[in-house]
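For the sequence shown, position 54 (counting from the first letter as 1) is numbered 60 according to the numbering used here, and the numbering increases by one without interruption. Notes follow once the structure below has been shown.
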Amino acid sequence: MSRGASPSLECRNLYCKCYQLKAIEAEKASFKTSGSTWSIKEILGHLLDSAVNNHQRFVRAQQVDHLSFPGYEQTFWTNSQHYNESSWEELVDLWHLYNRHLAQVIRHIALDALDTTCTIGTSEPVTLGFIVEDYLHHMQHHLSQIYERSAA
């Protein structure tokens, strides 16, 4: 994991992101361009699912030298939770608070634990440090999608 930009600093910027998300109208957040394309609510729901799955990885990987995790079926997770029927404000609040907690978890991961190898599903092993960085990049990618769609 690179020690340039602090992952915990990126997570702390969530406060600003929360306000940007709350500025999106609930109707716009629910809009689907097609049956197979996720709405903004479903994209944020996917980010919640990612937070939940990665929370387990961030904590459990600190306990051992190598850990194997099940894969993550993102479409099943998103569809089974019916995010489009949820309150937009509640989804944003839940995402915001969960990620504030993850920022604290990330901030306290010991440097040597970042080298713990983890296998997720059938993927090649990666380090916990890679998982942390990938989580943050993944979140930023989908937040960019949300902002682009909300501006359209």
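From the three backbone atoms N, C-alpha and C, an ideal C-beta is built for every residue, glycine too. If you're wondering where the values come from, they're calculated on a predicted model, not measured in any experiment.
Cα-Cα, which of L117, H143, L73 and Q151 is closest to S129? By 1-based counting over the sequence shown, the position of residue 129 is 123. The shortest C-alpha separation from S129 is found at L73.
In the structure shown, what three-state DSSP assignment does S8 receive? Translated into the one-based positions of the sequence shown, residue 8 becomes position 2. Residue placement at S8 is poorly supported in this model, since its pLDDT is 40, which falls under 50; the coordinates still yield a value, given next. If DSSP states are grouped into helix, strand and coil, S8 belongs with coil.
Is T122 closer than 8 Å to L103 when the C-beta atoms are compared? Counted from its first residue, the sequence shown places residue 103 at position 97. Counted from its first residue, the sequence shown places residue 122 at position 116. Not a contact, by the Cβ cut-off of 8 Å.
Selection from I115, M145 and F64 that minimises the alpha carbon distance to G51: The residue labelled residue 51 in the question sits at position 45 within the sequence shown. Residue M145 is the option with its Cα nearest to G51.
Distance, Cα to Cα, A157 vs Q151? By one-based count along the sequence shown, residue 157 stands at place 151. By one-based count along the sequence shown, residue 151 stands at place 145. Looking at the two C-alpha atoms, the distance is approximately 10 Å.
So, is K23 buried or exposed, given that buried needs 16 or more other C-beta atoms within 10 angstroms? Taking the first residue of the sequence shown as position 1, residue 23 is located at position 17. By the 10 Å Cβ count, K23 comes out buried.
Assuming contact is defined by CB atoms lying nearer than 8 Å, are S36 and S42 in contact in what I supplied? Counted from its first residue, the sequence shown places residue 36 at position 30. Counted from its first residue, the sequence shown places residue 42 at position 36. Result no, Cβ atoms of S36 and S42 do not sit closer than 8 Å.
What does the Cβ neighbour count give for D55, buried or exposed, with the cut at 16 atoms within 10 Å? Stepping through the sequence shown from its first residue, residue 55 is reached at position 49. Label assigned to D55: buried.
Contact defined as beta carbons within less than 8 Å: I believe L2 pairs with V98. What is the distance between those atoms, to the nearest angstrom? In the structure displayed, the chain extends from 7 to 158; residue 2 sits before or after that span and is not available.
Going by the CB atoms, is the gap between I137 and R63 shorter than 8 Å? Taking the first residue of the sequence shown as 1, we reach residue 63 at position 57. Taking the first residue of the sequence shown as 1, we reach residue 137 at position 131. Going by C-beta atoms, R63 is nearer than 8 Å to I137.
Distance CB(K47)-CB(W94) smaller than 8 Å: By 1-based counting over the sequence shown, the position of residue 47 is 41. By 1-based counting over the sequence shown, the position of residue 94 is 88. Yes, the pair counts as a contact, with Cβ atoms nearer than the cut-off.
Do you know whose CA, among A119, A32 and Y141, lies nearest A109's CA? Working through the sequence shown from its first residue, we reach residue 109 at position 103. Comparing Cα positions, the closest option is Y141.
Taking buried to mean at least 16 other C-beta atoms within 10 Å of its own C-beta, is L117 buried or exposed? Residue numbering aside, residue 117 sits at position 111 when the sequence shown is read from its first letter. It is exposed - the Cβ of L117 has fewer than 16 other Cβ atoms within 10 Å.
Member of V65, V132 and S40 whose CA lies at the smallest distance from the CA of Q107: Indexing the sequence shown from 1 puts residue 107 at position 101. Before going further, note that residue 107 is His rather than Gln in the sequence given. Of the listed residues, the one whose Cα sits closest to H107 is V65.
Hey, which unbroken runs of the beta strand (DSSP E) at 3 residues or more fall wholly within the stretch 88 to 125? none
According to the neighbour-count rule (16 or more other Cβ atoms, all chains shown, within 10 Å of its Cβ), is G10 buried or exposed? Looking up residue 10 in the sequence shown gives position 4. Any reading at G10 is ruled out, since the residue's pLDDT is 36, under 50, leaving its predicted position unreliable.
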